[in-house]
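In the UniProt record's numbering, the protein residues as written are 1 to 223.
Note that CB positions come from ideal geometry on N, CA and C, so glycine has one too.
Each remark here refers to the structure printed beneath this line.
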């Protein structure tokens, strides 16, 4: 019994919520205020509104609009609340139809508001797709730019490595030549030292010869 009471309370709550939502929707669409308790899914000829259903949902939703709000289940109330301004909408009264669902107008007219909404959404979709393509092209260009930059960086890195190698090669060669030059200077110093010794020896020899020659001369005797 408790579950039944809770279910009834939930059903009543959703029914009132559905009436309130439909009432606000009618006022926002056609500018006519209808009290929530006076909202009907099957409007009378004297009522200032009708219901329009999108064609692809007409088979499913027509059953909802073939009963009074008070006769529906919890699931139906939820479907109605979720479908407001999405799968159906309120429009101003039109001449009554002769079929049983005269209060439900099919949206085959391309000028109907749902068709306009669909067209608007299609335009928005096309615009978003165009923007997406632009962003994709921009991302592709940036990606190519990054790739070119990476390739250029790699090329510069390679060139730098080659230059570093040449610098090391020239440095080693310079060190080698410096070492060879130092050895040459050392050898030259030794040669100069030997030459200096030889020159000194020759100088001494010449001096000694001159002295000996002077000593060997006979003295002059006066008669």
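{"Check": "Backbone CA spacing between residue 69 and residue 132 [nearest angstrom]", "Outcome": "44 Å"}
{"Check": "Limits of the beta strand (DSSP E) - the one that residue 89 falls within", "Outcome": "88-92"}
{"Check": "7 Å CB neighbourhood of residue 110 in its chain, flanking five on each side removed", "Outcome": "Low per-residue confidence applies at residue 110: pLDDT is 42, beneath 50, and the placement is therefore not dependable enough to give any value."}
{"Check": "The stretch 66-86 in contact with the stretch 119-129 per 3-pair CB rule at 8 Å", "Outcome": "no"}
{"Check": "As assigned by DSSP and simplified to three states, the class of residue 39", "Outcome": "coil"}
{"Check": "Three-state secondary structure assigned by DSSP to residue 67", "Outcome": "coil"}
{"Check": "Exposure of residue 19, with buried meaning 16 or more beta-carbon neighbours within 10 Å", "Outcome": "buried"}
{"Check": "Best match in 160, 142, 181, 58 for proximity to residue 86 [C-alpha to C-alpha]", "Outcome": "58"}
{"Check": "Alpha-carbon spacing of residue 154 relative to residue 144, whole angstroms", "Outcome": "15 Å"}
{"Check": "Contact check, residue 90 vs residue 33, beta carbons under 7 Å", "Outcome": "no"}
{"Check": "Extent of the continuous beta strand (DSSP E) run through residue 50", "Outcome": "49-53"}
{"Check": "Beta bridge counterpart(s) of residue 84 as assigned by DSSP", "Outcome": "88"}
{"Check": "Residue 11 vs residue 74 beta-carbon contact at 7 Å", "Outcome": "yes"}
{"Check": "DSSP-derived helix/strand/coil call for residue 143", "Outcome": "helix"}
{"Check": "Opening and closing residue of the alpha helix (DSSP H) in which residue 58 lies", "Outcome": "58-61"}
{"Check": "Residue 135 beta carbon less than 7 Å from that of residue 88", "Outcome": "no"}
{"Check": "Beta carbon proximity, residue 89 to chain B, threshold 7 Å", "Outcome": "In the displayed structure, chain B is absent; only one protein chain is listed."}
{"Check": "Rounded separation between residue 60 and residue 146 - CA only", "Outcome": "54 Å"}
{"Check": "Residue from 56, 173, 165 with nearest C-alpha to residue 118", "Outcome": "56"}
{"Check": "Alpha-carbon spacing of residue 185 relative to residue 172, whole angstroms", "Outcome": "20 Å"}
{"Check": "Buried or exposed (CB count within 10 angstroms, at least 16 for buried), residue 259", "Outcome": "The question about residue 259 has no answer here: the residues shown for the chain are numbered 1 through 223."}
{"Check": "Sequence-distant residues of its chain with Cβ nearer than 6 Å to residue 36 (five each side left out)", "Outcome": "19, 20, 23"}
{"Check": "Inter-residue Cα distance where the pair is residue 47 and residue 121", "Outcome": "31 Å"}
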